[in-house]
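J.:
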Amino acid sequence: MTKKRVAILISGRGSNMAALIKAAKAKNFPAEILLVLSNRPEAQGLAIAQAEGIPTAIVDHKTFADREEFDGALHRALMDANIEIICLAGFMRVLTDDFVERWRGRMLNIHPSLLPAFKGTNTHHQALLAGVASHGATVHFVVPELDSGPIVMQAEVPVLPGDTEEKLAARVLKEEHKIYPAALKLLASGKIRIEGDRVVAV
Ligand code: GRF
13 MTKKRVAILI SGRGSNMAAL IKAAKAKNFP AEILLVLSNR PEAQGLAIAQ AEGIPTAIVD
73 HKTFADREEF DGALHRALMD ANIEIICLAG FMRVLTDDFV ERWRGRMLNI HPSLLPAFKG
133 TNTHHQALLA GVASHGATVH FVVPELDSGP IVMQAEVPVL PGDTEEKLAA RVLKEEHKIY
193 PAALKLLASG KIRIEGDRVV AV
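Going by the working numbering, the sequence shown opens with residue 13, and the numbers climb by one from there.
1) Taking contact to mean at least 3 C-beta pairs separated by less than 8 Å, is the region 40 to 54 in contact with the region 113 to 133?
2) Starting from L120, trace the beta strand (DSSP E) in both directions and tell me its first and last residue.
3) Buried or exposed: where does S146 fall if 16 or more other Cβ atoms within 10 Å of its Cβ makes it buried?
4) Beta-carbon within less than 7 Å of L107's beta-carbon, same chain only, minus the 5 sequence neighbours each way: which residues are those?
5) Would you list, in sequence order, the uninterrupted beta strand (DSSP E) runs of no fewer than 3 residues that lie entirely inside the region 89 to 120?
6) Alpha carbons only, please: which of L90, A182, I122 is nearest the one belonging to A101?
7) Whole angstroms are fine: how far does the CA of T135 sit from the CA of L199?
8) Taking 6 Å as the cut-off, is the beta-carbon of I20 closer than that to any non-hydrogen atom of the ligand GRF?
9) List the residues that DSSP assigns as beta-bridge partners of E207.
10) Considering only heavy atoms of the ligand SAH, does any lie closer than 6 Å to the CB of S27?
11) Residues in the same chain with beta-carbon distance under 8 Å from S201, minus the five sequence neighbours each way, listed in chain order, please.
12) Is DSSP giving F153 helix, strand or coil here?
13) Is G102 close to the ligand GRF? I mean its beta-carbon at under 6 Å from any heavy atom of the ligand.
14) Are the beta-carbon atoms belonging to H87 and N51 less than 7 Å from one another?
15) Which word fits P173, buried or exposed, when buried means at least 16 other C-beta atoms lie within 10 angstroms of its C-beta?
16) Of the choices N40, G24, G57, M91, whose alpha-carbon is the least far from that of M104?
17) What residue does the alpha helix (DSSP H) around L180 start on, and which one ends it?
Written out as structure tokens, the structure is:
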């Protein structure tokens with residue numbers, strides 16, 4: 013089995029990154045994590061990746077004149093490592109349409125809500141405000157429109173009486189760490205494809 017070459021893009025804590033790295037250690041996992049790239053030099057996830065022996069790179073957005081230049085540098089770093097699939101994992105930069113188009117069908121993101129509900133930031137706060145009974149997380153293909161794109165996998169959790177943002181976030185995060193590796197496995201093993209706006213099993 014040739015494993016797909018994966019890069020994970022982070023900006024912070026990196027717990028989803030760590031879950032992906034852990035899953036990819038399995039012998040029969042169809043993807044290998046060959047690069048962790050952060051736009052923030054101080055991202056905590058970088059040290060975790062380094063401790064796992066995974067090459068890391070920093071492409072600091074503050075050092076570029078505009079989004080085009082930043083995305084160009086990202087693309088070059090990814091090309092240099094012969095990356096085939098990108099996993100965005102708490103990557104807090106909006107990518108240019110050009111970059112997204114170049115990686116269409118090969119770039120996943122995890123969003124902490126049951127999309128299409130609660131796009132953007134503060135999703136747990138949004139869910140509590142809306143009074144929904146269930147909340148969750150979504151792994152989806154990245155398209156130019158933010159927090160949209162064909163859905164690969166979702167996990168649902170209940171919203172419980174007395175929930176705070178922190179409690180709800182922790183419940184959702186636990187599920188994120190399960191569905192992100194599972195979704196990457198599906199993509200890397202060629203078991204899914206995009207049909208229109210949906211993901212279908214091959
Ligand atoms: C996660 O909740 C993810 O869904 C969202 O940002 C958070 C990143 O957390 N996109 P971590 O860096 O993976 O711990």
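Beta carbons: idealized from backbone N, C-alpha and C, even for Gly. Note that the structure is a prediction, hence the values are computed from the model and not measured.
T.: A quick look at the data gives this:
1) Because the criterion of three Cβ pairs below 8 Å is not met, the region 40 to 54 and the region 113 to 133 do not touch.
2) For L120, the enclosing beta strand (DSSP E) has its first and last residue at 119 to 123.
3) Flag for S146 reads exposed.
4) Answer for L107: D83, listed in chain order.
5) Runs found: 97 to 100.
6) The shortest C-alpha separation from A101 is found at I122.
7) When rounded, the distance between both Cα atoms is 26 Å.
8) No, since every heavy atom of the ligand GRF falls outside the 6 Å radius drawn around the Cβ of I20.
9) Bridge partners of E207: R210.
10) Judged by which ligands are present, the ligand SAH is missing from the structure shown, whose ligands are the ligand GRF.
11) Annotation for S201: P42 place their beta carbon closer than 8 Å to its own, counting only its chain and skipping 5 residues before and after.
12) DSSP places F153 in strand when its eight states are reduced to three.
13) Yes, Cβ of G102 sits closer than 6 Å to a heavy atom of the ligand GRF.
14) With a cutoff of 7 Å on beta-carbon distance, H87 and N51 are scored as not near each other.
15) The residue in question, P173, is exposed, as its Cβ has fewer than 16 Cβ neighbours within 10 Å.
16) Cα-wise, what sits closest to M104 is G24.
17) Counted as a single uninterrupted DSSP element, the alpha helix (DSSP H) harbouring L180 occupies residues 177 to 200.
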